[in-house]
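*Asks:*
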Amino acid sequence: MLSRTARDNPDKEAIVLRGQRLSFGELEDRATRIAGFLRSRVAFGARVAIHAPKCVDEVAVIFAIAKAGAVMVHINPAFRDEQLQYVLAETEPAAVFFHPSKEAVIARAAQRGLLPDVRIRIGRAPAFRQTIAALELGTIAAGRPPTQSEAVSEDDLAALIYTSGTTSRAKGTKVTHGILTDATVISAAVLENGPHERLISITPFSFDGALSQLFTATLVGGTLVLQDSTFPVDIVRTLATERITGFHAMPSLWRMIINTHATLLERPFPDLRYVSLIGEVFPERELSQLRRALGTTDFYMMYGTTEAFRSTCLAPSELSRKPRSVGRPLPGVTITVVDEDGRPCAPGTVGQIVHSGAFVSPGYWKKDSSAVFQADGVHTGDFGMLDDEGYLYFVGRKDTMIKRFGHRVYPEEIEQCLARIDGIAMAAVVCGQDDHSAPTIRAVVVRAPGVAVTCQDVARACAMLPHYMRPDTIEFRAALPLTSTYKINRAAVVVGEAP
Numbered sequence: 000m001l002s003r004t005a006r007d008n009p010d011k012e013a014i015v016l017r018g019q020r021l022s023f024g025e026l027e028d029r030a031t032r033i034a035g036f037l038r039s040r041v042a043f044g045a046r047v048a049i050h051a052p053k054c055v056d057e058v059a060v061i062f063a064i065a066k067a068g069a070v071m072v073h074i075n076p077a078f079r080d081e082q083l084q085y086v087l088a089e090t091e092p093a094a095v096f097f098h099p100s101k102e103a104v105i106a107r108a109a110q111r112g113l114l115p116d117v118r119i120r121i122g123r124a125p126a127f128r129q130t131i132a133a134l135e136l137g138t139i140a141a142g143r144p145p146t147q148s149e150a151v152s153e154d155d156l157a158a159l160i161y162t163s164g165t166t167s168r169a170k171g172t173k174v175t176h177g178i179l180t181d182a183t184v185i186s187a188a189v190l191e192n193g194p195h196e197r198l199i200s201i202t203p204f205s206f207d208g209a210l211s212q213l214f215t216a217t218l219v220g221g222t223l224v225l226q227d228s229t230f231p232v233d234i235v236r237t238l239a240t241e242r243i244t245g246f247h248a249m250p251s252l253w254r255m256i257i258n259t260h261a262t263l264l265e266r267p268f269p270d271l272r273y274v275s276l277i278g279e280v281f282p283e284r285e286l287s288q289l290r291r292a293l294g295t296t297d298f299y300m301m302y303g304t305t306e307a308f309r310s311t312c313l314a315p316s317e318l319s320r321k322p323r324s325v326g327r328p329l330p331g332v333t334i335t336v337v338d339e340d341g342r343p344c345a346p347g348t349v350g351q352i353v354h355s356g357a358f359v360s361p362g363y364w365k366k367d368s369s370a371v372f373q374a375d376g377v378h379t380g381d382f383g384m385l386d387d388e389g390y391l392y393f394v395g396r397k398d399t400m401i402k403r404f405g406h407r408v409y410p411e412e413i414e415q416c417l418a419r420i421d422g423i424a425m426a427a428v429v430c431g432q433d434d435h436s437a438p439t440i441r442a443v444v445v446r447a448p449g450v451a452v453t454c455q456d457v458a459r460a461c462a463m464l465p466h467y468m469r470p471d472t473i474e475f476r477a478a479l480p481l482t483s484t485y486k487i488n489r490a491a492v493v494v495g496e497a498p
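Numbered by numbering that gives the first Met the number 0, the letters in the sequence shown go through residues 0 to 498 in order.
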């Protein structure tokens, strides 16, 4: 993919990060040199880990690992000691690339014997003190001639993608070269991506959506702009100054901008051709606000899981007709909704979403996959329903569902109600317990700036809900903790962890 684009458009801008700009030719040269080093040190199919924030070197390393026939394990840069050490122990990488800002956590992993001998620093961060022996990326890249890529098949593993693990221990999902290629081709076709594209990349490359953006930009010969600051003012500035045409993100990120930094959207964004949204339901009121603010920008609502990459998409032309839907299955994908006995649900009936066909992972790394990867497809653990026309509606997660008074309560449905209250910026609904260990519903709410929403306001709005869905307690906080992909971190909300 990279080699072809670099051959056809060697001088085209490929990667941008602040003042750093790398062409496809330069990226290809750097990646093939690093791959040559890896092939001299790492066996075909061995795992190679990356632990770094957004940086240009990181992109070159991602392509180098693929060229060397190794398996990438990109460890979420937000992971702390326990999570990092867990992934290192489970994957046993033959080499580790790390950023100087991660030196301390990497050093502690080395003290526990979890680091291989092949360690390479990447990126620029002179302020951080070097405490462990490691090679420098610039040295190994400059010291080797470019080499041919290792031949790989579509069934060879390309990556292990570890979920965020916000409600349970993270699992490494196996992703093959075939899945990455097929998903990239389909995504580019659905989003009508072309060489004119300038895509912004905000989430870490440990997230499948970020990898999809990288490979899509490379496939079509577009430019990927790396965003290393997650402050809304910096993101919006990049949209304008870099003339971004495509933005893929979680709804929570846009909701944060709408509710706490709305003035940032008063400027025009004439180049922003589309926004694609995935991972959560976008409350209709806020989605309408965003659509008005961005004018002619198209919106694609999508659904997918790490285990099956991409499942559905709602085209911009259908958004007004079905604003709560996440669309119909992508080409090659079949979506069914099943009950507890595995039988298909009737249209309009909530059940578990099952994805079969294209993009299905071979399973988890060193984990029992049988509960998720079944004969009829990937049992996603997400609940939803199909309408009479085959459009999918996401309802909530199985692992966040609350059983109360004999009813199944999906926190996401209550959060939709809370999002309609003027003056509420964000809300999370989680399960609590009363004095008798019975489940209760806790609503944790963030006020919009300058608005004095009260518990009574929230209770009045929730009175429209069935009695078993009404929050027992309402708590106001200054902010909610988010994951690195801007989803609400429910586990942190439960224990009261600060953002």
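C-beta: ideal position from N, C-alpha, C; glycine also.
The structure displayed is predicted, hence computed values, not measured ones.
1. Would you please state the rounded distance, in angstroms, between the beta carbons of I131 and R118? I believe it to be under 8 Å.
2. Taking 6 Å as the limit between beta carbons, can you name the residues of its chain near E285, skipping five residues before and five after?
3. For I199 and F23, what's the separation of their Cα atoms in angstroms?
4. Please classify P125: is it buried, with 16 or more other beta-carbons within 10 angstroms of its beta-carbon, or exposed?
5. So, with DSSP's three-state summary, where would you put P480?
6. Give me the residue from I160, T215, E191 and E196 with the minimum Cα distance to D181.
7. Is T222 helix, strand or coil by DSSP?
8. According to DSSP, what are the bridge partners of E12?
9. Should Q455 go down as buried or exposed, given a rule of 16 or more other Cβ atoms within 10 Å for buried?
10. Measure the Cβ-Cβ separation of F62 and L1 and say whether it is below 8 Å.
11. Under the assumption that Q351 contacts K397 (Cβ atoms under 8 Å), give the Cβ distance between them as a whole number of angstroms.
12. Whole angstroms is fine: what's the gap from A77's alpha carbon to K101's?
13. Whole alpha helix (DSSP H) runs in the region 38-106 with 4 or more residues, listed along the chain?
14. Tell me the DSSP bridge mates of K402?
15. CB I121 to CB E27, shorter than 8 Å?
16. Do you know how far the Cα of S324 is from the Cα of L464?
17. Using the Cα positions of G395 and G278, report the straight-line distance between them to the nearest angstrom.
18. Hey, could you find the ends of the beta strand (DSSP E) M249 is sitting in?
19. Pull up the distance between the alpha-carbon of V445 and that of R290, whole angstroms please.
20. For Q19 versus V55, is the C-beta spacing smaller than 8 Å?
21. Whole-angstrom Cβ separation of V60 and T222, contact assumed at under 8 Å?
22. When burial is assigned at 16 or more other CB atoms within 10 Å of the CB, is S483 buried or exposed?
23. Give me, in chain order, the residues of the same chain whose beta-carbon lies closer than 6 Å to that of Y485; leave out the 5 immediate sequence neighbours on both sides.
24. For F308, count the other beta carbons within 10 Å of its own beta carbon; 16 or more makes it buried, fewer makes it exposed. Which is it?
25. Looking at C-alpha atoms only, which residue of R123, Q147, N8 and A157 is the closest neighbour of A65?
26. Throw me the rounded Cβ distance for the T335 and P343 pair, which I believe falls under 8 Å.
27. Figure out for me which residue from G422, A437 and C461 has the closest Cα to the Cα of A450.
28. With DSSP as the reference, please indicate the residues paired to T500 in a beta bridge.
29. Straight-line CA distance for P203 to L37?
30. Name the DSSP beta bridge partners of T335, please?
31. Pick from L113, R236 and Q82: whose alpha carbon is nearest that of V95?
32. By Cβ distance below 6 Å, which residues in the same chain neighbour F206 in space, the five residues on each side in sequence not counted?
33. Would you list the one or two residues that DSSP bridges to G431?
34. On the DSSP letters alone, give me the boundaries of the beta strand (DSSP E) that F297 sits inside.
35. From which residue to which residue does the beta strand (DSSP E) around C312 run?
36. For S369, count neighbouring C-beta atoms within 10 Å of its own C-beta (all shown protein chains included) and say buried if the count is 16 or more, exposed if not.
*Replies:* According to the data block:
1. 7 Å
2. R254 and I257
3. 17 Å
4. exposed
5. Looking at P480 - three-state DSSP - the assignment turns out to be coil, as it is neither helix nor strand.
6. T215
7. strand
8. S22
9. exposed
10. yes
11. 7 Å
12. 10 Å
13. 55-66 and 80-90
14. R407
15. Using a Cβ distance threshold of 8 Å, I121 and E27 do not count as a contacting pair.
16. Looking at the two C-alpha atoms, the distance is approximately 21 Å.
17. 10 Å
18. Careful: M249 lies outside any beta strand (DSSP E) and carries neither H nor E.
19. 23 Å
20. yes
21. Contact flag wrong, Cβ pair sits at about 19 Å.
22. buried
23. M249, S251 and L252
24. buried
25. A157
26. 6 Å
27. One point to set straight first is that residue 450 is Val, not Ala, in the sequence displayed. Closest option to V450, Cα to Cα, is G422.
28. Because the chain here runs from 0 to 498, residue 500 falls outside it and cannot be looked at.
29. 23 Å
30. V353
31. L113
32. T484
33. Answer by DSSP bridge pairing, in chain order: T439.
34. Residue identity differs from the one stated: residue 297 is Asp in this sequence, not Phe. Start and end: D297 to Y302.
35. T311 to L313
36. exposed
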